[in-house]
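Colleague:
Number of protein chains: 2
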Amino acid sequence: MSIRVLHVGLGPIGAAVARQVAARPGLRIVGAVDIDPAKVGRDAGEVLDLGRRLRVTDSGDLDAEIRRSAPDVAVVCTSSTLGGVVPQFEAILRRRVPIVTTTEEAAYPASYNTRLSRRIDAAARKAGVAVLGTGVNPGFTMDALPIALTAVCERVERIEVRRVQDARIRRLPFQLKIGAGLTRDEFRRKVADRTVRHVGFSESIQMIADAMGWSLGRIVEQVKPKVAQRAVTGGLVPVASGRVSGLIQRAVGYVDGAERVTLTLEAYLGAPESYDSVLIEGSPRIYSKIEGGVHGDIATASMTVNSIPAVVEADAGFRTMRDMRLPSFFSGT
Amino acid sequence: MSIRVLHVGLGPIGAAVARQVAARPGLRIVGAVDIDPAKVGRDAGEVLDLGRRLRVTDSGDLDAEIRRSAPDVAVVCTSSTLGGVVPQFEAILRRRVPIVTTTEEAAYPASYNTRLSRRIDAAARKAGVAVLGTGVNPGFTMDALPIALTAVCERVERIEVRRVQDARIRRLPFQLKIGAGLTRDEFRRKVADRTVRHVGFSESIQMIADAMGWSLGRIVEQVKPKVAQRAVTGGLVPVASGRVSGLIQRAVGYVDGAERVTLTLEAYLGAPESYDSVLIEGSPRIYSKIEGGVHGDIATASMTVNSIPAVVEADAGFRTMRDMRLPSFFSGT
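Protein chains in written order, with this note's numbering: chain A, 1 to 333; chain B, 334 to 666.
In structure tokens, the structure reads:
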């Protein structure tokens, strides 16, 4: 018996998730909803460029689709903010359907969106189903993975995670999100209005601190431009010399005034080496590095798809990667 | 409220676990049992060289100690084989106490010790408590960690894990276990009578295969000597030129005749670089490396101690690292 999946949101990430679901045995797309007029009324197989029809038409009406498709789980990829997804979550939970979402703020919501988080948790418990926010970051490389690595430690002093990505291999919206091609002034304005930034550092830092039993004080976060010393070619956005090629975002979590968790993301066109590293200062000291890094778009979709069977079986409530069973690829067989 | 811990077995690993428990807030040693006449009747703090008394005397009588100490959890570090620990497990489960064990064959028991595994699972369910086999290997570096890394993949073709250790930093029993100092003939005989070998590869391979949904065929395992080209100094065992400095053990799991899981352990005195690497051939391809490797003795004790709170809360039955919540350091606060 396949797990019946309803897709809510077919933007770049939602579509990547749906394509993986379509390709995996053990999972089946039974519904797809996106409010984009260019998608409403079309077969999902066509929207996803699968080269075959799925006999699932995007009606644009979430409530009708839940009733019609009777899904075992809903995948929500519509917004980075918890506020943006609450109405969808509530509609889905009213029908007692568990949720996996790539909403960054849902990855570890209790500390930063306390009121909304409690409301979703209560609705999920009432429905008797689980809600999980996941993805590669937040969700894995900068939180679940470093936490899992601390399991071999008898003492942990400090955790430093660094993610360096040559953004040339990423999709256009990502390249734009990191500010590629902007002048320094444009970049500064977009940082100020929060359109250029990675969402999820606070969530990841809080997840790590809670796992370590650290009472977190302030988190200091900073977004700086990476300025190209010479023109960068090969990206989807032209970057002239002196223009911004991407961002360097750093967040530090303090405990009693001391720097205990440091997350650094360097995402820019032309980074000489991509990697994901975790340093755990403690006993034993652990330095782990994924050479070439983890491809963000594939990985976020994979984390979402691979979480589906665990979420279907999980205890009711707003769960996090910390209390889910060991993450794993799900073959569907 | 501290978690009350009973220690069963105070050999090198059991003592390392107990020392960590003694040092962590949130955990408390309430009992200790070892049948070694040199330990019976002595205070556990003295046996563990803590420099302070724990007011816990090793009576050598497991059943009496469980009754007297009323533990929340028992840590069993007495044997590598499931057969060797069953009587202890049954005595502990009769008192409805959950168990964490470093018994290698308990790390993923269902496939290789089906009958014993079912018996322990039934006893644990009847007692309403969980039993978990863990440690660094099996338990983490060659199974749980590679499995967790596959969570970012949409496709997994093959997994290769390599653990290279300069055994000079390990304790004497480990250096002897890998055959350091032997002649090639002596090594061959000890491999034949199974006194020189690492236990747990089959368990790790099966755990990975099950997580990937692969129907595992045969497992081929091989232990070869690493022969010193020149004398190796710095170990606890003298290794002359031409003598064995340690072992190279390799296990391959086949699926439909194809090599899908390969585990290689190179543990010898004088290895030029220690590391733990995981290669996942798939999409995306993942190559992760822990530079310097994970120190086996500390890590096995840490994995055990860090698993305690999760095991106390876990669903009843014979659990594995696959179905436990995300591994993590446990600060006890």
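Yeah, the Cβ is synthetic: ideal placement off N, Cα and C, and Gly gets one too.
Among B:Pro345, B:Asp518 and B:Asn446, whose alpha-carbon lies nearest the alpha-carbon of B:Asp382?
Modeller: When only C-alpha atoms are compared, the closest one is B:Pro345.
Colleague: List, in order along the chain, the chain A residues whose C-beta lies closer than 9 Å to that of B:Ile631?
Modeller: Going along chain A in sequence order, the residues near B:Ile631 (Cβ under 9 Å) are Val152, Cys153, Glu154, Ser283 and Pro284.
Colleague: CB-CB under 8 Å to B:Ile368, same chain, minus the five flanking residues each way: which ones, in chain order?
Modeller: Correct list, in chain order: Gly393.
Colleague: Please identify the residue among B:Val380, B:Gly359 and B:Leu569 whose C-alpha is closest to the C-alpha of B:Leu343.
Modeller: The candidate whose alpha carbon is nearest that of B:Leu343 is B:Val380.
Colleague: Strictly by DSSP, which residues pair up with A:Thr57?
Modeller: Paired residue(s): A:Asp43.
Colleague: Of the choices A:Pro109, A:Asp63 and A:Ile99, whose alpha-carbon is the least far from that of A:Thr81?
Modeller: Of A:Pro109, A:Asp63 and A:Ile99, the residue nearest in Cα terms is A:Pro109.
Colleague: Between which residues of its own chain and A:Arg53 is the CB-CB distance below 6 Å, once the five residues before and five after are set aside?
Modeller: So the qualifying residues of the chain are Asp43 and Gly45.
Colleague: Kindly list, in the order they appear in chain B, the residues whose Cβ is closer than 8 Å to that of A:Asp323.
Modeller: Per Cβ cutoff of 8 Å: Arg658 and Leu659.
Colleague: Rounded to whole angstroms, what's the CA-CA distance from A:Pro173 to A:Asn113? Just pull it up for me.
Modeller: Cα to Cα, the separation comes out at about 26 Å.
Colleague: In chain A, which residues lie with their C-beta within 7 Å of the C-beta of B:Gly344?
Modeller: What B:Gly344 touches in chain A: nothing, since even the nearest Cβ is about 18 Å away.
Colleague: Considering only DSSP beta bridges, list what B:Arg496 is partnered with.
Modeller: For B:Arg496, which the question treats as bridged, DSSP gives the partners B:Leu598 and B:Asp609.
Colleague: Of the residues that make up the stretch 417-435 of chain B, which ones have a beta carbon closer than 8 Å to any beta carbon in chain A?
Modeller: Under the 8 Å Cβ criterion, the stretch 417-435 of chain B contributes no residue.
Colleague: How should A:Met212 be labelled, buried or exposed, when 16 other C-beta atoms within 10 angstroms of its C-beta is the threshold for buried?
Modeller: Buried is the call here.
Colleague: Quick check on DSSP: helix, strand or coil for A:Gln229?
Modeller: In this structure, A:Gln229 counts as coil in the three-state DSSP scheme.
Colleague: Roughly how many angstroms lie between the CA atoms of B:Ser578 and A:Leu149, to the nearest whole one?
Modeller: Each residue's Cα considered, the two are about 30 Å apart.
Colleague: Go ahead and label A:Arg115 buried or exposed: buried means 16 or more other beta carbons lie within 10 angstroms of its beta carbon, across all protein chains shown.
Modeller: Its Cβ having fewer than 16 others within 10 Å, A:Arg115 is exposed.
Colleague: For the stretch 119-144 of chain A, enumerate the residues whose C-beta is nearer than 7 Å to any C-beta of chain B, in chain order.
Modeller: So the close ones are Val136, Phe140 and Ala144.
Colleague: Select from the stretch 513-539 of chain B all residues with a C-beta closer than 8 Å to any C-beta belonging to chain A, and list them in chain order.
Modeller: Answer in chain order: no residues at all.
Colleague: Using a cut-off of 8 Å between C-beta atoms, extract the partners of B:Val627 located in chain A.
Modeller: By Cβ distance, chain A contributes Val152, Pro284 and Ile286.
Colleague: Take the Cβ of B:Gly461 as the centre, count every other Cβ of all protein chains shown within 10 Å, and call the residue buried at 16 or more, exposed below.
Modeller: Flag for B:Gly461 reads exposed.
Colleague: Could you tell me if B:Gln582 is buried or exposed, where buried requires 16 or more neighbouring beta carbons within 10 angstroms of its beta carbon?
Modeller: Buried.
Colleague: Can you tell me the Cα-Cα spacing of A:Gly31 and B:Ser621, whole angstroms?
Modeller: The straight-line gap from Cα to Cα measures roughly 37 Å.
Colleague: Is A:Glu273 close to chain B, meaning its C-beta is less than 8 Å from at least one C-beta of that chain?
Modeller: No, no contact with chain B.
Colleague: Alpha carbon to alpha carbon, how far is B:Phe662 from A:Val294? Give it in angstroms, no decimals.
Modeller: When rounded, the distance between both Cα atoms is 24 Å.
Colleague: Please list the partners that A:Met303 has in chain B, where partner means a Cβ-to-Cβ separation under 8 Å.
Modeller: Going along chain B in sequence order, the residues near A:Met303 (Cβ under 8 Å) are Ala484 and Val485.
Colleague: Measuring only between beta-carbons, confirm whether A:Met1 sits less than 8 Å from chain B.
Modeller: No, its Cβ sits nowhere closer than 8 Å to a Cβ of chain B.
Colleague: Taking CB distances under 8 Å as the criterion, tell me whether A:Ser165 reaches chain B.
Modeller: Before going further, note that residue 165 of chain A is Gln rather than Ser in the sequence given. Output row for A:Gln165: interface = no.
Colleague: Does B:Thr595 get closer than 8 Å to chain A when you measure Cβ to Cβ?
Modeller: B:Thr595 does not count as touching chain A.
Colleague: Given a threshold of 16 other Cβ atoms within 10 Å of its Cβ, counted over all protein chains shown, does A:Lys39 qualify as buried or as exposed?
Modeller: By the neighbour-count rule (16 or more Cβ atoms within 10 Å), A:Lys39 is buried.
Colleague: Where does the unbroken beta strand (DSSP E) through B:Glu624 begin, and where does it stop?
Modeller: Counting along the chain, the beta strand (DSSP E) containing B:Glu624 begins and ends at Ile619 to Glu624.
Colleague: When the Cβ atoms of the stretch 462-482 of chain B are set against those of the stretch 610-624 of chain B, are three or more pairs found closer than 8 Å?
Modeller: Taking 8 Å as the limit for Cβ pairs, the verdict is that the stretch 610-624 of chain B does touch the stretch 462-482 of chain B.
Colleague: With a threshold of 8 Å between beta carbons, is B:Gln353 in contact with chain A?
Modeller: Chain A contact via Cβ: present.
Colleague: Beta carbon of A:Ser274, beta carbon of B:Cys486: below 8 Å?
Modeller: Not in contact: A:Ser274 and B:Cys486 (Cβ atoms no closer than 8 Å).
Colleague: Compute the distance between the beta-carbons of A:Val161 and A:Ala74, then report whether it is under 8 Å.
Modeller: No.
Colleague: For the stretch 434-502 of chain B, list the beta strand (DSSP E) runs that are entirely contained and at least 3 residues long, ordered along the chain.
Modeller: Listed in chain order, they are 463-466 and 488-499.
Colleague: Answer yes if the stretch 209-226 of chain A comes into contact with the stretch 646-666 of chain B, meaning at least three C-beta pairs across the two stretches below 8 Å, and no otherwise.
Modeller: Yes: at least three Cβ pairs fall under 8 Å.
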